[in-house]
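Presented below is the structure to which this report refers.
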Amino acid sequence: MTAKAQLFLWGILIVLALTSCSVETAHAPETQLEPTSTAVPTATNAPNTAVVFKRSGGIGGANEQWTIFTNGRIETNTTTNPQLSVEQVSQLLNSLESAGFFELDPTYLPEDTCCDRYLYELTAVQNTTFHSVTTLENTPDMPEALQQSLRLIQTLLFANSNE
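Read in this note's numbering, the sequence shown has 12 at position 10, and its numbers run on one by one without any break.
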């Protein structure tokens, strides 16, 4: 087979692959979330929950969640399942507080929510109050406190993985 014929076949294969693919992207919620003054534990946030980190969307259409409990136990729907100590969980909560996480607004979303970015939701407990913040990866003007908080949780969760 000639080089021209091979190149032509590769071109057809690429076009077929691209037209048969379906990629879902994460988009921010269309409605604005209303902040609550005092969140309370719910069935999804047990009283001994310290942090819940959700990551969805991206080019692979992820839908991942990690629930970190005060005793260091982690529940997840992923294969990334680190083990933490009570001290590590306490240090994480203290670091989130020092970063200013608990003073952040509930949402930081850009006007343009397109394309192939992760949607993050980070919930942490301070005393008995849950505080959640939702943002989209690479949101312009994302506060440093939120960037630092996301780095903290991802470093802790993915320290020994390929993520």
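Idealized CB from N, CA, C, for every residue including glycine.
query                                                                                                       : result
Candidates Thr109, Asp118, Thr136, of which the one nearest Lys56 by Cα                                     : Thr136
Asn65: first and last residue of the uninterrupted beta strand (DSSP E) it sits in                          : 64 to 71
Check whether Leu111 and Thr141 have beta carbons under 8 angstroms apart                                   : yes
Member of Asn65, Gln156, Leu95 whose CA lies at the smallest distance from the CA of Val127                 : Leu95
Backbone secondary structure at Ala147 - three-state DSSP                                                   : helix
Spatial distance of Phe104 from Asn73 (CA atoms)                                                            : 21 angstroms
Neighbourhood of Leu86 by C-beta, 6 angstroms cutoff - its chain only, sequence neighbours within 5 removed : Gly74
Among Ser97, Glu99, Glu66, the one whose alpha carbon lies nearest that of Asn83                            : Glu66
Ile61, buried or exposed, once every other Cβ within 10 Å from all chains shown has been counted against 16 : exposed
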